[in-house]
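Counting from 5, one number per residue, gives the positions in the sequence shown under this note's numbering.
A virtual CB, placed ideally from N, CA and C, is assigned to each residue, including glycine.
Shown next, in structure tokens, is the structure this report addresses.
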Amino acid sequence: MRSIIELIDALDVRKRILIIGSAFVDVIVHVPRLPLSGEDVEGSSRQQVVGGCAYNAADAVAKLGIDFDALIPVGEGMIADRVRETFRARGFTVREFRGIGDNGWCLSFVEPDGERTFVSMSGVEKCFKPEWLDEIDLQCADLIYLSGYQADARNAGFIEALLAEKRPDAQILFDPGPCSGSIPEEMFSAILSANTILKVNAQEAKTLAPSATPREAAAALSLLTAQSVIVTDGARGAYAAQAGKVSHLQGFPVHVVDTIGSGDAHAGGVLAGLASGFTLAEAVLLGNAVASWVTAQEGAATAPQAAELRARHLLDI
């Protein structure tokens, strides 16, 4: 296994990435604890930033110096205007869709240990249309990122078209996130049958495959799905499983500020690694390093530049 420094130095575009998903505004409020029903808890440190699973993943890929294409819809309204402005400032392609409303937004409560709880207001990210695939060159995509928020019954036509039209050898990195339990079973099965890497955190893994430990859950899921599986476990690292065989990849403990976007940034690190020809285990190790950096920052889209990540890990040698 190469070191994290060697992996950062080896980043190089060999495969083309397509990122599919959402961008919206995160309204972040720090609270001493979550309120009980009917209770009032005073919050602090309120901020508004552009986030969303796909945007956070794209942020990580871009900052690691890897090119990508994206289908992240921008609608019409105040939030869409904020997303559009941010995309243009970043040099990201703006794909606008009219007549379907504004982008969504999310109220994020952050507790002292960094754990986050969301209240989401959906927008264009729940309105994906099959014809939107005409906006991209799907046949050129080698790696496709897909978030669970798009695996929604309202997007069924789009998901069906995506799976039918992508190249059979194109690999999907599917991160269902907290939506795992609400994705239609038939859709979930179809996605997992499409040359897919399933990426979940330890809590989500145990929901999908009840097991005593994240390692056991990773092994069980890889056998159940007959696909590669990644199970992240916070500062303890992550597990990469293929055909029931599991590798543990070390974590990089940091002082936790909040965990907003850390899982998405992990996905971005994995994508960057796979696009550079890394093994699954190497890509997961890179994802661990990126996610740990993000966990030590406040807000969304806080992934490190490759040089920043390298400099940090040089200090650990």
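Item: Helix, strand or coil at residue 121 [DSSP, three-state]; Value: strand
Item: Extent of the continuous alpha helix (DSSP H) to which residue 144 belongs; Value: Counting along the chain, residue 144 falls outside any alpha helix (DSSP H), and DSSP gives it neither H nor E.
Item: Distance between beta carbons of residue 181 and residue 255, contact taken as under 8 Å; Value: The pair is not a contact, with the Cβ atoms about 19 Å apart (cut-off 8 Å).
Item: Residue 56 beta carbon less than 7 Å from that of residue 26; Value: yes
Item: Sequence-distant residues of the same chain with beta carbon closer than 6 Å to residue 3, five excluded per side; Value: Because the chain spans 5 through 321 in this model, residue 3 falls outside it and cannot be assessed.
Item: Span of the alpha helix (DSSP H), counted from its first residue to its last, around residue 196; Value: 189-196
Item: Contact between the segment 238-246 and the segment 213-226 (3+ Cβ pairs under 8 Å); Value: yes
Item: Among 303, 280, 295, nearest to residue 10 - alpha-carbon criterion; Value: 280
Item: Paired residues, beta bridge with residue 99 - DSSP; Value: 77
Item: Cβ-Cβ separation, residue 270 to residue 236 (assumed contact under 8 Å), whole Å; Value: 6 Å
Item: Assigned exposure category for residue 309 - 16 Cβ within 10 Å defines buried; Value: exposed
Item: Start and end residues, beta strand (DSSP E) containing residue 246; Value: 242-246
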